[in-house]
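Colleague: The listed protein sequences correspond, in order, to chains A and B. Counting along the first sequence from 1, when you hit position 58 you're at 58 in our numbering, and nothing is skipped either side. In short: position in the second sequence from 1, add 1000, done, that's our numbering. Quick reminder that beta carbons are idealized off the backbone N, C-alpha and C, glycines included. Please read these numbers as outputs of a predicted model, since none were measured by experiment.
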Amino acid sequence: MLRIACPWCGARDETEFRYRGDASRPRPRADAGLAEFTAWVYERPNPRGWHVEWWLHVGGCRRLLKVVRHTLSDEIAWVGVPTELPPSPPRSAP
Amino acid sequence: MRHLMSPSVDQERGTADGIPAERGRYSLWRLLREGLRGQRGWSHAWAKAAARPHYRVVIVGGGGHGLATAYYLASRFGIRDVAVVERGPIGLGNVGRNTTIIRSNYFHPHNIRFYELSLQLWEGLERALNFNAMVSQRGTLNLFHTEAQRDLFTRRANQMRLLGVDAEPVSRADVQRLVPLADLDNGRYPVLGGFLQPRGGTVRHDAVAWGYARAACAAGVDIIEHCEVTALRVSGGRVRGVETPRGFIGADTVCLAVAGHSSVLAAMAGLTLPLETHVLQAFVSEAVKPLLDVVLTYGAGHFYVSQSDKGGLVFGGAIDGYNTYAQRGTLPTAEEVAAAAVTLLPGVARLKVLRQWGGVMDMTMDGSPIISQTPVDGLLLNGGWCYGGFKAIPAGGLTTAHLIAHGAPHPAAAHFDLGRFASGRTLDERGAGPFPYLH
């Protein structure tokens, strides 16, 4: 069970949240080519390590959060609001 | 017989030179003869090999798909200069730990054709491999709970029958007869009926790894265990081989069959794949007397169950739902699976769960697998199996071997190429869009 520290609601169980995928890559500009958009829609770095991702707090404030989580240890290093940039690079895995 | 027909612990200490050459066929006659001779005549099922400096084909991953690919390369395409390199021992990954279901009840014609090829290969597998894989075509029964779901299942069954695959509608009364244990009168999700694929069923998963390993080894393939690939050597846009702690192994063709870790291996060649890694859990209950003789799936939640020959209920549900390489799984998902189990089968509520396991898998952007060449010459990918990897092993191996041998895709797997995402030919069985956690 993950515990995610929502900036508005405090630490809550993962069952209150819904996962919304990779948050590391910005949308390409409207005039970007097909290859760039294909990569943005379909390709994922899928790291075995630190991962920046979206979580929607559906069972709470209903806001979208940006979370930095380790995909092997499940440790959460940082939780922020969508406009924030996560600290870079996150500290190494435990 | 299990301990006699599988590689023994003694082999851990052996080398390629130390393995007895004699590997006779298994037969009833031999079983009787060994019974009378104190079981002393059995030899190792397959030999552990030391790596040679170069192979025509190196397959990374000694799971079901890697071993099957090696077997079909050697037996059907005459390519015997093949090595399978595996990080741990073979058969300890997803191939040995799943819910063992085989079926071809898909909707998209490309998927039906591929999984039907697999089902037909399962039907002849034991004869081809001379290995008892306990293929049991006990039927897979999918339940529906609403009128809309009935239409959807009828459409799917019709699609299958148009392509010559068996599918039968099952009335509510027949569901009750087939599965007396099921509660059809749940207030929220009553069972209205089901659809049955009589040729679906289960296979002994460990035996699949051992059977393919034994047959591949007999055909001349080198199986190299405890040999982790740490890097792919690529130069001039072409793959040259794999780096391992045991040294560099050169290859004309390198095939990745490491579903769950495809992205990690592909990244070694600078590739980013259209998939995410997620964990799927499986559960086994304590053994009980026979109470379920079909593979049963629940339509109001994600839940599937069968009973093993030992008596345990083997069941599972949905993926945990977020990127992870942690092979464990979390309790909220276990609770959801248990809730579906007791909703459909109230009688199992007091059964104890004996084992739980979480395995990581490639969840692709359209929920369908990838058997494809890659932008790196000579580097091929067999992956993206989502939930469907086990039942796909024979066809996955055969079509991947075809791709390696001919340089062109097998007709049954031609739509599983990496290029389908850019061109919009995605095979989205569920209609969920490019969100792996929804497939």
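Please check if any C-beta of chain B sits within less than 8 Å of the C-beta of VAL96 of chain A.
Modeller: Outside the displayed range of chain A (1 to 94) lies residue 96 of chain A, so it cannot be described from this structure.
Colleague: Mapping the DSSP letters down to three states, classify GLN1120 of chain B as helix, strand or coil.
Modeller: It is helical.
Colleague: By DSSP, does ALA11 of chain A sit in helix, in strand, or in coil?
Modeller: ALA11 of chain A: strand per DSSP, three-state reduction.
Colleague: Less than 8 Å between the beta carbons of LEU1381 of chain B and SER1262 of chain B, yes or no?
Modeller: Contact: yes.
Colleague: When you check each C-beta in the region 1189–1208 of chain B against every C-beta of chain A, which residues fall closer than 9 Å?
Modeller: Those would be none; no residue qualifies.
Colleague: Output the distance between the C-alpha atoms of LYS1048 of chain B and ALA1218 of chain B, rounded to the nearest integer angstrom.
Modeller: Roughly 12 Å separates the two Cα atoms.
Colleague: Along the chain, where does the alpha helix (DSSP H) that runs through TYR1071 of chain B open and close?
Modeller: From DSSP, the alpha helix (DSSP H) with TYR1071 of chain B extends over 1064–1076.
Colleague: Please classify GLY1347 of chain B as buried or exposed, where buried requires at least 16 other C-beta atoms within 10 Å of its C-beta.
Modeller: Exposed, because fewer than 16 other Cβ atoms sit within 10 Å of the Cβ of GLY1347 of chain B.
Colleague: For ILE1404 of chain B, name the three-state secondary structure that DSSP assigns.
Modeller: Helix at ILE1404 of chain B.
Colleague: Using a Cβ-Cβ cut-off of 8 Å, state whether VAL1264 of chain B counts as contacting chain A.
Modeller: Yes - at least one Cβ of chain A is within 8 Å of the one on VAL1264 of chain B.
Colleague: I'd like the list of long-range same chain contacts for THR1099 of chain B, defined as Cβ closer than 6 Å, with 5 residues on each side in sequence excluded.
Modeller: If we look at THR1099 of chain B and ignore the five residues flanking it on each side, its Cβ neighbours are ALA1282, VAL1314 and GLY1316.
Colleague: If we define contact as Cβ-Cβ less than 8 Å, is THR1324 of chain B a contact residue for chain A?
Modeller: Output row for THR1324 of chain B: interface = yes.
Colleague: In whole angstroms, what separates the C-alpha of LEU1292 of chain B from that of GLY1194 of chain B?
Modeller: Roughly 16 Å separates the two Cα atoms.
Colleague: Measure how close the beta-carbons of LEU1256 of chain B and VAL1060 of chain B come, nearest whole angstrom, since I'm counting them as under 8 Å.
Modeller: That pair is a contact at about 5 Å.
Colleague: In the DSSP assignment, what residue or residues form a beta bridge with MET1 of chain A?
Modeller: For MET1 of chain A, which the question treats as bridged, DSSP gives no partner whatsoever.
Colleague: So if I threshold CB-CB distances at 8 Å, which residues from the region 1064–1095 of chain B count as touching chain A?
Modeller: From the region 1064–1095 of chain B, no residue has a Cβ closer than 8 Å to chain A.
Colleague: What does LEU64 of chain A reach in chain B if we use C-beta pairs closer than 7 Å?
Modeller: Within 7 Å Cβ-Cβ: nothing; LEU64 of chain A doesn't reach chain B, min ~15 Å.
Colleague: How big is the Cα-Cα spacing for ALA1213 of chain B and LEU1331 of chain B?
Modeller: Going by the C-alpha atoms only, they are around 35 Å apart.
Colleague: Taking just the CA atoms, how far does ARG1025 of chain B sit from TRP1046 of chain B?
Modeller: The straight-line gap from Cα to Cα measures roughly 12 Å.
Colleague: Considering only the alpha carbon of each residue, which of B:TYR1322, B:LEU1092, B:GLU1335 and B:PHE1421 lies closest to ALA1349 of chain B?
Modeller: Checking every option, the nearest Cα to that of ALA1349 of chain B belongs to B:GLU1335.
Colleague: Pull up the DSSP beta-bridge partners for GLU1276 of chain B, would you.
Modeller: Partner(s): B:MET1363.
Colleague: When you compare only the Cα positions, how much space is there between PHE1303 of chain B and LEU1344 of chain B?
Modeller: Near 9 Å, if we compare the C-alpha coordinates of LEU1344 of chain B and PHE1303 of chain B.
Colleague: Got a sec: which bits of the region 1343–1362 of chain B sit with their beta carbon under 8 Å from any beta carbon on chain A, in order along the chain?
Modeller: Answer in chain order: no residues at all.
Colleague: Is there a Cβ from chain B that is less than 8 Å from the Cβ of LEU72 of chain A?
Modeller: Output row for LEU72 of chain A: interface = yes.
Colleague: So that I know if they touch, is there some Cβ in chain A lying closer than 8 Å to that of GLU1276 of chain B?
Modeller: So yes, GLU1276 of chain B belongs to the interface.
Colleague: Report yes or no: do three or more beta-carbon pairs, one from the region 1072–1088 of chain B and one from the region 1103–1119 of chain B, lie closer than 8 Å?
Modeller: No, they do not touch.
Colleague: Any chance the region 1268–1285 of chain B sits against the region 30–43 of chain A, with 3 or more Cβ pairs inside 8 Å?
Modeller: Yes, they touch.
Colleague: Which two residues bound the contiguous alpha helix (DSSP H) that contains VAL1264 of chain B?
Modeller: First-last of the alpha helix (DSSP H) with VAL1264 of chain B: 1262–1267.
Colleague: Start and end of the beta strand (DSSP E) containing VAL1254 of chain B?
Modeller: Unbroken beta strand (DSSP E) run through VAL1254 of chain B: 1247–1256.
Colleague: Spell out whether any CB of chain A is found under 8 Å from the CB atom of PHE1416 of chain B.
Modeller: By this cut-off, PHE1416 of chain B is not an interface position.
Colleague: Which chain B residues are close to LEU34 of chain A, counting only those with a beta carbon under 8 Å from its beta carbon?
Modeller: Chain B residues near LEU34 of chain A: ALA1422.
Colleague: According to the Cβ coordinates, are VAL1295 of chain B and SER1308 of chain B closer than 8 Å?
Modeller: Not a contact, by the Cβ cut-off of 8 Å.
Colleague: Give every residue of the same chain whose Cβ lies closer than 6 Å to the Cβ of ASP1222 of chain B, excluding the five residues on either side of it in the sequence, and list them in chain order.
Modeller: The answer, listed in chain order, is ALA1049 and ALA1083.
Colleague: With a cut-off of 8 Å, does the C-beta of PRO82 of chain A fall near any C-beta of chain B?
Modeller: With 8 Å as the cut-off, PRO82 of chain A does not count as an interface residue toward chain B.
Colleague: Tell me the DSSP bridge mates of PHE17 of chain A?
Modeller: Answer is none; PHE17 of chain A lacks a bridge partner.
Colleague: How long is the line joining the alpha carbons of THR1338 of chain B and THR15 of chain A, rounded to whole angstroms?
Modeller: Correcting the residue identity first, residue 1338 of chain B is Ala in this sequence and not Thr. Each residue's alpha carbon lies about 16 Å from the other.
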